[in-house]
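Trainee: Residue numbers (this note's numbering): 62 to 223.
In this text, a Cβ means the ideal position worked out from N, Cα and C, and glycines have one as well.
Every value quoted in this text rests on a predicted model; they were computed, and no experiment measured them.
1. So within the segment 123–194, which uninterrupted alpha helix (DSSP H) runs reach at least 4 residues, ignoring any that extend past its ends?
2. Taking residue 74 and residue 86 to be in contact with their CB atoms under 8 Å, please state how far apart those CB atoms are, rounded to whole angstroms.
3. Could you give the distance in angstroms between the alpha-carbon of residue 124 and the alpha-carbon of residue 163?
4. By Cβ distance, which residues of its chain are closer than 7 Å to residue 88, with the 5 residues on each side in sequence left out?
5. Just to confirm my understanding: we take residue 66, look at its own chain, exclude 5 residues before and 5 after, and list those with CB closer than 7 Å. What are they?
6. Going by the CB atoms, is the gap between residue 210 and residue 145 shorter than 8 Å?
7. Can you tell me where the alpha helix (DSSP H) with residue 101 in it begins and where it stops?
8. Just confirm the distance between the C-beta atoms of residue 111 and residue 199, as a whole number of angstroms; I'd bet it's less than 8 Å.
9. Out of 115, 207, 171 and 217, state which residue places its alpha-carbon closest to the alpha-carbon of residue 141.
10. Kindly indicate which three-state DSSP category residue 83 falls into: helix, strand or coil?
11. Looking only at its own chain, which residues have a Cβ that is under 6 Å from the Cβ of residue 100, when we skip the five neighbours before and after it?
12. Of the residues 160, 193 and 134, which one's Cα is nearest the Cα of residue 150?
13. When the Cα of residue 156 is compared with those of 106, 76 and 69, which residue comes out closest?
14. For residue 158, I'd like the list of residues in its chain whose CB is within less than 6 Å of its CB, leaving aside the five on either flank, ordered along the chain.
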């Protein structure tokens, strides 16, 4: 089920970025709204930044120099959480850049999910919560977050292209 859920997230990212004009990718429908570029980038960062530590690997953001390719004036650990509107506005990207990063993140997810066992899903990764967060709970949280953001991106693409 998790493999299917992550595959659907990747399909949504592919659909949103296919033929995406940079002018549309960077447009806000209101002054405080997120852009499609930010929504896709943030979704990839959510998966990367949360899944890499679970899998015990370096984020593809830095390992494959996506940080350098995006050339954001943000710290390398920025994921979009808690960003100001000015910081979020720095995230620009062509369809190729956005989906390239997302595909690398999806490859990380596929590699990791192929190894998941029941014991791994039950492993506690954050004891700061009550109840403590397990790998299974974190994976569902990632899927939920990305589904919402990519749904918003798909809506924006449809609204802005018409």
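Mentor: Inspection of the coordinates gives the following:
1. Counting whole runs of 4 or more residues, the segment 123–194 contains the alpha helix (DSSP H) stretches 127–131, 146–149, 156–174 and 179–183.
2. Along the chain shown, read from residue 1 onward, the residue named residue 74 stands at position 13. Along the chain shown, read from residue 1 onward, the residue named residue 86 stands at position 25. Actually they do not touch by this definition, with Cβ atoms about 13 Å apart.
3. Against the chain shown, residue 124 aligns to sequence position 63. Against the chain shown, residue 163 aligns to sequence position 102. When rounded, the separation of the alpha-carbon atoms in residue 124 and residue 163 is 14 Å.
4. Taking the first residue of the chain shown as position 1, residue 88 is located at position 27. Correct list, in chain order: 96 and 221.
5. Along the chain shown, read from residue 1 onward, the residue named residue 66 stands at position 5. So the qualifying residues of the chain are 204.
6. As a position in the chain shown, residue 145 is number 84, starting the count at 1. As a position in the chain shown, residue 210 is number 149, starting the count at 1. No; because the gap between Cβ atoms is not below 8 Å, this pair is not in contact.
7. Here the question's residue 101 lines up with position 40 in the chain shown. Start and end: 97–116.
8. Here the question's residue 111 lines up with position 50 in the chain shown. Here the question's residue 199 lines up with position 138 in the chain shown. Sure, about 6 Å apart at Cβ, within 8 Å.
9. Numbered from 1 along the chain shown, position 80 holds the residue referred to as residue 141. Answer by Cα proximity: 207.
10. Residue numbering aside, residue 83 sits at position 22 when the chain shown is read from its first letter. Note: residue 83 maps to helix in three-state DSSP.
11. What you label residue 100 is simply residue 39 of the chain shown in a count that begins at 1. Once the five neighbours on either side are set aside, the close Cβ partners of residue 100 are 210, 213 and 214.
12. The residue given as residue 150 occupies position 89 in the chain shown. Among 160, 193 and 134, the Cα nearest to that of residue 150 is on 134.
13. By 1-based counting over the chain shown, the position of residue 156 is 95. Checked all of 106, 76 and 69; the closest Cα to residue 156 is 76.
14. Taking the first residue of the chain shown as 1, we reach residue 158 at position 97. For residue 158, where only same-chain residues beyond five positions count, there are no Cβ hits under 6 Å.
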